[in-house]
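Chains as they are written, first to last, in the numbering used here: chain A, 1 to 510; chain B, 1001 to 1510.
Heads up, the thing below is written out as structure tokens.
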């Protein structure tokens, strides 16, 4: 039913109001793929990459910077330590990785929203990290906590988004040492979907765990956060990120160990070379998480873009990025680890055609390459510098396409439709036949955004482009937003925790 | 080298002029896939579809309308004829299809531009059929012969486009019974890429063959046209299209036998049901081409979209269309026939984000589903009602992505980049290392359209969106266009043929 027909059938204002009160916030279950993964790279190429990655770990090694405890863990495990360089004998890292689970549950406070990460699943989470926002009448501007809350609300209202994410934008109006408290508070109270913890300081990771203990009434080793631990590529693990990983692994919280690579800058300018480095980095990081706590949930991450060799700008939705995403997925499956990659990536400054080409290229690659956790699945703009309100709802709509594709194709009696073929025959049409009447409501994925109107209607309504339609949809979703219910005592405890923590520190903006 | 650096290095006006004179029109060779096809549907589903398609042919049959000769051919082949209904015994159609080649060459007048259709190849051709054009400062308006020529020139200048296509737009200012002559003349003289023949009347197909005999100095059974023969779905073969097919098959010219389906209207509202009908229709059409001339080159076509059940509008880039495209590709491979499907499809009225999402979804599906001939690979807008100048160059740029993806991933010594990994090590960067210096020029696909500039530069230059960048590119390509050389006697003979034919008929607009 379109909005227009809903309005007509609704009758009057009273009916419309009743409909709004009864509004149910829909949320799709995480995707369970019923389609094959695409093995884009040959086994021969993957074999070479695996051998070379072991050579990298053994001969070149990785650096664990300003982290004597990590060096000691590695020494005890059998690595060769020289200064901060850790050289890992062939096979050791992979053996250590074997205790990491191939699949785990991330619990949400609303149990219906809990997600499985690994195996055949695909969990979709929004954009992460932009210092700027764009849209809703304003141009590009620094993000604020109010913008952050708006994105959390949009995520909660987005049917195809399974996860509330983490730093959906950087709330630059809040002190750096306090903003994680406000961000977590927003995810916990404005949404009931699962979320990510802070990684900018080990103490902030500890705060995240503590707030989750309040929210969930104790954790008992349940995994309730999946957090993003970037590798400082090439081959470097800094103390901040590793400190956060140590806190999370110890508490059985999930981390994504994610090389952050602009190909040609942080990795070799070739697909096989980049995959070699990605694999070496992930093996070292995942192995380290298992040294902290064997069995801690962890994800094989790969954030990889190519580079424009003229301007040095990172480029998105490119074929080389797709090849690496496919290859890393194959490597992750060979290790039996959940896989994070892809997203609604683009280098464009606007939610225009470039943004959509690049995004669609990457979303399709993500689905087919076997990604289990897709961060940045909506809202990303301008190489990740900008979170866009309009692009958030545009991408979120396209995520419905992935759900439908992943479901695969049925050939049960009803899907075979032989009764329809017999009923209609040569030269007829199927619009009114019995099979169509039985099935049309669910036959096709339906956009909640894109324009399919007759040309004349579209023109009369202002000849709006996708960005204009998206702007209207953002307004509608925010107007319809209702905060999910929460036990008042938990809410009070969270409020007090944040207040107390904030009062205990002076503001710091570094 | 960007345009900007080219300009700087060029020095002055003289150098720039020299550069323009020396301009070489680049054209990529057709794609030979070095990547696996994606078998999205299970063998079990395909088995059912194949059994059901035979049941459709045997029990329901197909209609060959107003075509007694066709009915007689079918009767002689062993089909059961009742009125215009042709019921084909189980297995007969598939057996007849076996004489069709799995791969053929379509020759171009410039032998470097000849294409192989079938096997691992992918040949890209532009939009076909729109009565309207949009862009270049004007809104939506009826297409003219001048627009047609502009699109042929743009196609000739588009590096990633292998084929000049057919009715790139309908030249509505030329009489219906004469426009095929002008269209073919334009493809033959303004481009040297392969092209399509007329199918709107058997006599116009015969004109197309005759003009090709002039252009190529006799054909001697060489295939020099690939033409689009739509099935009047469901299950109906009309005399016009079949008449054209008869002319082409007899002359060993290739036809695409292409069900034209808006799912839910011309086929059942399910993927398996639609595939069943597609397969039945293609088998009947291909079999018929082999009755006309065993061995005639022919392509398994599938033009399939879903429908918006609210408005009745066809919808594009949807997951159900993708599933059908994948499934039809698998069915075509099981028959050993070349496959035509996918394209730069969209329902959007503008070259905006909707257009690009839908297009990218379909282009990616086309590559991965094993399409061998992709019509509509650039320029399509508004459900095929409109050919857009801007979208033509936007899509044509994205076709470069497909080339690169299709090439696959190398793991030779240079691609392994172990020297780079050893040279750089932890914490370094690869921008200046020897491996990067050796490889950066060809390391990554490069757009000739999209924006990667720094934010401030982009803003100073007018904060242009993709459509605005595309508009500038259209102007640049047309300014750089030079007609390919042609033997003056052939040119004269073509001119005279068109003139004579036109003079022989009164204008008809039906």
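No residue lacks a Cβ here, since even glycine has one placed at the ideal position from N, Cα and C.
Limits of the unbroken beta strand (DSSP E) element including residue i
{"i": "residue 1255 of chain B", "result": "1254 to 1262"}
{"i": "residue 1301 of chain B", "result": "1298 to 1301"}
{"i": "residue 132 of chain A", "result": "132 to 135"}
Within 8 Å, strictly: CB atoms of residue i and residue j
{"i": "residue 272 of chain A", "j": "residue 60 of chain A", "result": "no"}
{"i": "residue 375 of chain A", "j": "residue 343 of chain A", "result": "yes"}
{"i": "residue 1314 of chain B", "j": "residue 1347 of chain B", "result": "yes"}
{"i": "residue 1097 of chain B", "j": "residue 1335 of chain B", "result": "yes"}
{"i": "residue 252 of chain A", "j": "residue 204 of chain A", "result": "no"}
{"i": "residue 1247 of chain B", "j": "residue 1285 of chain B", "result": "no"}
{"i": "residue 1267 of chain B", "j": "residue 1261 of chain B", "result": "yes"}
{"i": "residue 1391 of chain B", "j": "residue 455 of chain A", "result": "no"}
{"i": "residue 1276 of chain B", "j": "residue 1110 of chain B", "result": "no"}
{"i": "residue 1297 of chain B", "j": "residue 1281 of chain B", "result": "no"}
{"i": "residue 1318 of chain B", "j": "residue 445 of chain A", "result": "yes"}
{"i": "residue 141 of chain A", "j": "residue 132 of chain A", "result": "yes"}
{"i": "residue 1373 of chain B", "j": "residue 1226 of chain B", "result": "yes"}
{"i": "residue 208 of chain A", "j": "residue 180 of chain A", "result": "yes"}
{"i": "residue 300 of chain A", "j": "residue 250 of chain A", "result": "no"}
{"i": "residue 1041 of chain B", "j": "residue 1339 of chain B", "result": "no"}
{"i": "residue 1264 of chain B", "j": "residue 443 of chain A", "result": "yes"}
{"i": "residue 1408 of chain B", "j": "residue 1034 of chain B", "result": "yes"}
{"i": "residue 1406 of chain B", "j": "residue 1117 of chain B", "result": "no"}
{"i": "residue 186 of chain A", "j": "residue 152 of chain A", "result": "yes"}
{"i": "residue 1508 of chain B", "j": "residue 1278 of chain B", "result": "no"}
Reduced DSSP category for residue i - H, G, I as helix; E, B as strand; rest coil
{"i": "residue 173 of chain A", "result": "coil"}
{"i": "residue 1079 of chain B", "result": "coil"}
{"i": "residue 1106 of chain B", "result": "strand"}
{"i": "residue 225 of chain A", "result": "strand"}
{"i": "residue 1142 of chain B", "result": "strand"}
{"i": "residue 1267 of chain B", "result": "strand"}
{"i": "residue 362 of chain A", "result": "helix"}
{"i": "residue 497 of chain A", "result": "helix"}
{"i": "residue 392 of chain A", "result": "helix"}
{"i": "residue 1452 of chain B", "result": "coil"}
{"i": "residue 1064 of chain B", "result": "strand"}
{"i": "residue 1471 of chain B", "result": "helix"}
{"i": "residue 509 of chain A", "result": "coil"}
{"i": "residue 74 of chain A", "result": "helix"}
{"i": "residue 1379 of chain B", "result": "coil"}
Where the alpha helix (DSSP H) containing residue i begins and where it ends
{"i": "residue 1155 of chain B", "result": "1145 to 1157"}
{"i": "residue 1048 of chain B", "result": "1043 to 1055"}
{"i": "residue 410 of chain A", "result": "Residue 410 of chain A -> no alpha helix (DSSP H), and no H or E assigned at all."}
{"i": "residue 1087 of chain B", "result": "Here residue 1087 of chain B belongs to no alpha helix (DSSP H); instead the beta strand (DSSP E) covers 1085 to 1087."}
{"i": "residue 1423 of chain B", "result": "1418 to 1424"}
{"i": "residue 127 of chain A", "result": "Note, residue 127 of chain A: premise wrong, no alpha helix (DSSP H); not H, not E."}
{"i": "residue 1025 of chain B", "result": "Counting along the chain, residue 1025 of chain B falls outside any alpha helix (DSSP H), and DSSP gives it neither H nor E."}
Would you call the stretch 1436 to 1448 of chain B and the stretch 71 to 82 of chain A in contact, with 3 or more CB pairs under 8 Å?
-> Of all C-beta pairs linking the stretch 1436 to 1448 of chain B to the stretch 71 to 82 of chain A, fewer than three are shorter than 8 Å, placing the two stretches out of contact.
Near-chain B residues of the stretch 403 to 436 of chain A - C-beta to any C-beta below 7 Å = Closer than 7 Å at the C-beta level to chain B, one finds these residues of the stretch 403 to 436 of chain A: 404, 405, 409, 410, 411, 415, 416, 417, 418, 420, 421, 422, 424, 425, 426, 427, 428, 429, 430, 431, 435, 436.
Check distances from the C-beta atoms of the stretch 260 to 276 of chain A to those of chain E and list, in chain order, the residues that come in under 9 Å.
-> The displayed structure is made up of protein chains A and B, and chain E is not among them.
The stretch 28 to 58 of chain A: which residues have C-beta closer than 9 Å to a C-beta of chain B, in chain order?
-> Near chain B, meaning a CB-to-CB distance below 9 Å, the residues of the stretch 28 to 58 of chain A are 35, 36, 38, 39, 40, 41, 42, 44, 45, 46, 47, 48, 49, 52, 55, 56.
Pull out every residue of the stretch 1372 to 1385 of chain B whose Cβ sits closer than 8 Å to any Cβ of chain A, in chain order.
-> Among the residues of the stretch 1372 to 1385 of chain B, those with a Cβ less than 8 Å away from any Cβ of chain A are 1382, 1385, in the order of the chain.
Three-pair Cβ contact test at 8 Å for the stretch 1377 to 1396 of chain B versus the stretch 1465 to 1476 of chain B | Yes, since at least three Cβ pairs between the stretch 1377 to 1396 of chain B and the stretch 1465 to 1476 of chain B fall closer than 8 Å, the two stretches touch.
Would you be able to state if there are at least three C-beta pairs under 8 Å between the stretch 473 to 491 of chain A and the stretch 167 to 176 of chain A?
-> Not touching, per the Cβ criterion.
What are the residues of the stretch 1469 to 1500 of chain B that lie near chain A, defined by any Cβ-Cβ distance shorter than 9 Å?
-> Listed by position, the residues of the stretch 1469 to 1500 of chain B near chain A (Cβ gap below 9 Å) are 1469, 1470.
Just by C-beta distance, which residues in the stretch 1222 to 1253 of chain B are closer than 8 Å to chain A?
-> Going along the stretch 1222 to 1253 of chain B in chain order, one finds 1232, 1234, 1235, 1236 with a Cβ nearer than 8 Å to chain A.
Compile a chain-ordered list of the residues in the stretch 338 to 357 of chain A whose CB is closer than 8 Å to at least one CB of chain B.
-> Within the stretch 338 to 357 of chain A, the qualifying residues are 347, 348, 349, 350, 351, 352, 353, 354, 355, 356, 357.
Could you list the residues in the stretch 107 to 124 of chain A with a C-beta less than 7 Å from some C-beta on chain B, going in chain order?
-> The stretch 107 to 124 of chain A vs chain B, Cβ under 7 Å: nothing.
Counting Cβ pairs, one atom from each stretch, are 3 or more of them under 8 Å apart for the stretch 63 to 72 of chain A and the stretch 353 to 367 of chain A?
-> No: the two stretches stay apart, fewer than three of their Cβ pairs being nearer than 8 Å.
Interface positions of the stretch 151 to 183 of chain A facing chain B (Cβ-Cβ less than 9 Å), listed along the chain = Hits within the stretch: zero.
Could you list the residues in the stretch 1086 to 1107 of chain B with a C-beta less than 9 Å from some C-beta on chain A, going in chain order?
-> Correct list: empty, as no residue qualifies.
Scan the stretch 74 to 86 of chain A for residues whose Cβ lies nearer than 8 Å to a Cβ of chain B and list them as they occur along the chain.
-> Per Cβ criterion, the list reads 85.
Listed in chain order, which residues of the stretch 281 to 313 of chain A have Cβ atoms closer than 9 Å to some Cβ of chain B?
-> If the cut-off is 9 Å between Cβ atoms, the stretch 281 to 313 of chain A has 306, 307, 308, 309, 310, 311, 312, 313 near chain B.
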